[in-house]
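Colleague:
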Amino acid sequence: MPAMEKLAGNFFLVGLMGAGKTTVGRALARRTGKTFYDSDQEIEARTGVRVATIFDIEGELRFRNRESCVIRDLAQQRDIVLATGGGAVLREENRRVLAAHGTVIYLRAAIDDLLARTLHDKNRPLLQIADPRGKLESLFNERDPLYREIADIVIDTTQQNVNLLVARLVDQLLTPPHPRKETDS
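Quick note: the sequence shown uses the working numbering, first residue 68, plus one each step.
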């Protein structure tokens, strides 16, 4: 196991569902000694029901309201890694909060990888449709510019080993500043 790196501040992971935000976030938190949160899991803990159930009963708008409250609350904490929901960037308020309170890391993956990672996951309410590939492509086209707008670091998770990816990410975090730009990783 690599040595723990002490890095100041919060790290916020954004990207489409299946990009690896929760997996990479947990590994990054372990590697940096920070507390890990997943906004969807936090919503479930606060409400006592699954995100898919909230979508079914309350609809996406009410879910997004809950999500904004959770992001606002968690962003006020110190030394956390937060994996956000894929649609968190749709609200300007969320983008502003994330950009103001930490380093934003955009995890980007190819549509084929995203589809393979999410295909059998029944907890992805937006993909429970006849054409999940088309939906992922549409979501990518809509959200990619928003992810890039607030990203300090963009890293490709397509066919990546999590430990190597986190090691490269930590190397980038150790060499600030991060002027909201793309990387080749």
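The C-beta atom is built at its ideal place from N, Cα and C for all residues, glycine as well.
Would you check if there are 3 or more beta carbon pairs closer than 8 Å linking the segment 159 to 171 to the segment 108 to 120?
Modeller: With a cut-off of 8 Å, the segment 108 to 120 and the segment 159 to 171 do not count as touching, because too few Cβ pairs lie within range.
Colleague: Going along the chain, which residues of its own chain have a beta-carbon closer than 8 Å to the beta-carbon of isoleucine 178, five neighbours each way excluded?
Modeller: The answer, listed in chain order, is Arg200, Leu203, Glu204 and Phe207.
Colleague: Helix, strand or coil: how does DSSP classify leucine 128 here?
Modeller: Three-state DSSP puts leucine 128 in a helix.
Colleague: Going by C-alpha distance, which of Ala86, Tyr214 and Thr242 is nearest alanine 183?
Modeller: Closest by alpha carbon: Ala86.
Colleague: For asparagine 228, count neighbouring C-beta atoms within 10 Å of its own C-beta (all shown protein chains included) and say buried if the count is 16 or more, exposed if not.
Modeller: So asparagine 228 counts as exposed.
Colleague: Under 8 Å Cβ to Cβ from isoleucine 222, same chain only, skipping five residues before and after it: list those, please.
Modeller: Contacts found: Ile172, Tyr173, Leu174, Arg175, Leu232, Arg235, Leu236, Gln239, Thr250 and Ser252.
Colleague: What did DSSP end up calling leucine 80 once you bin it into helix, strand or coil?
Modeller: DSSP places leucine 80 in strand when its eight states are reduced to three.
Colleague: Comparing C-alpha positions only, which one of Gly126, Glu111 and Asp107 sits nearest to leucine 149?
Modeller: Minimum Cα distance to leucine 149 is reached at Asp107.
Colleague: Considering only C-alpha positions, which residue in the set Thr151, Pro212 and Arg97 is nearest to cysteine 136?
Modeller: Out of Thr151, Pro212 and Arg97, Thr151 has the C-alpha closest to the C-alpha of cysteine 136.
Colleague: Which first and last residues belong to the alpha helix (DSSP H) in which arginine 162 is found?
Modeller: Start and end: 159 to 168.
Colleague: From the DSSP output, read off the bridge partner residues of arginine 175.
Modeller: Looking at the DSSP assignment, arginine 175 forms a beta bridge with Asp223.
Colleague: For threonine 99, report the span of its alpha helix (DSSP H) as first-last.
Modeller: Here the alpha helix (DSSP H) through threonine 99 covers 88 to 99.
Colleague: In whole angstroms, what is the alpha-carbon distance linking threonine 185 and methionine 84?
Modeller: Cα-Cα distance, rounded: 7 Å.
Colleague: Just tell me which of Asp105, Glu125 and Gly153 has its CA closest to the CA of alanine 142.
Modeller: The shortest Cα separation from alanine 142 among Asp105, Glu125 and Gly153 belongs to Asp105.
Colleague: Are the CB atoms of isoleucine 138 and threonine 102 nearer to each other than 9 Å?
Modeller: No.
Colleague: Helix or strand or just coil, what does DSSP make of leucine 206?
Modeller: Leucine 206: helix per DSSP, three-state reduction.
Colleague: Which same chain residues, not among the five before or five after glutamate 134, have their C-beta less than 7 Å away from its C-beta?
Modeller: Same-chain partners within the cutoff: Ser106, Ile110, Gly152 and Ala155.
Colleague: Start and end of the beta strand (DSSP E) containing threonine 114?
Modeller: Per DSSP, threonine 114 belongs to no beta strand (DSSP E); it is in the alpha helix (DSSP H), 106 to 114.
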